[in-house]
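**Q**
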Amino acid sequence: GAATVFVAAYVGSSLFGNSVGAGLMSGTGRTPWRQMLKAPPVWALLLGLALHPFSATLAPALQPVYGAAKFLMSFLGMTILGIWLSRTPLRAQDLRDALATTATRAATVALSVTAFV
Numbered sequence: 001g002a003a004t005v006f007v008a009a010y011v012g013s014s015l016f017g018n019s020v021g022a023g024l025m026s027g028t029g030r031t032p033w034r035q036m037l038k039a040p041p042v043w044a045l046l047l048g049l050a051l052h053p054f055s056a057t058l059a060p061a062l063q064p065v066y067g068a069a070k071f072l073m074s075f076l077g078m079t080i081l082g083i084w085l086s087r088t089p090l091r092a093q094d095l096r097d098a099l100a101t102t103a104t105r106a107a108t109v110a111l112s113v114t115a116f117v
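Under the UniProt record's numbering, residues 1 to 117 are what the sequence shown spells out, in order.
#1: So residue 41 and residue 5 are supposed to be a Cβ contact under 8 Å. How far apart are they, rounded?
#2: What does the alpha-carbon distance come out to for the pair residue 13 and residue 87?
#3: Which class does residue 91 belong to by DSSP, given the choice of helix, strand or coil?
#4: Alpha carbon to alpha carbon, what distance is there between residue 68 and residue 47?
#5: Check for me: the alpha helix (DSSP H) holding residue 38 runs from which residue to which?
#6: Just the Cα atoms here: how many angstroms apart are residue 62 and residue 38?
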């Protein structure tokens with residue numbers, strides 16, 4: 001369903017972002033394959049592809065691990081985001097700019113939904 005599309009988009013953008021980031025960090029403008037293969041999303045993709053044939057067997061056994069990993073990823077992600085945001089200076093102008101952007105996006109989505117419904 002829709003979750004599959006979002007997961008695929010996330011994995012694809014993560015792989016692309018990591019490969020571009022590795023290329024920029026290398027200074028050569030090209031990403032060495034060895035360096036790109038060290039990226040965690042690449043490892044996750046390869047592990048997922050390797051375990052895919054066993055998904056029916058492994059899914060029930062790994063359900064508790066999946067639940068714990070899902071919670072930890074959300075918790076740690078929000079913690080890191082909070083740490084980054086706590087060190088970011090905010091001004092009233094930033095809030096006004098964000099509200100204007102959000103209002104524009106909301107209006108665009110509302111018009112799009114109205115046009116297709």
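Virtual Cβ for every residue (Gly too), placed ideally from N, Cα, C.
**A** The relevant details are as follows:
#1: With 8 Å as the limit, residue 41 and residue 5 do not qualify as a contact, their Cβ atoms being about 17 Å apart.
#2: Cα to Cα, residue 13 sits roughly 26 Å from residue 87.
#3: Coil at residue 91, not helix or strand.
#4: The straight-line gap from Cα to Cα measures roughly 19 Å.
#5: No residue range can be given for residue 38, since it is assigned to no alpha helix (DSSP H) and is classified by DSSP as neither H nor E.
#6: Here the alpha carbons of residue 38 and residue 62 stand approximately 25 Å from one another.
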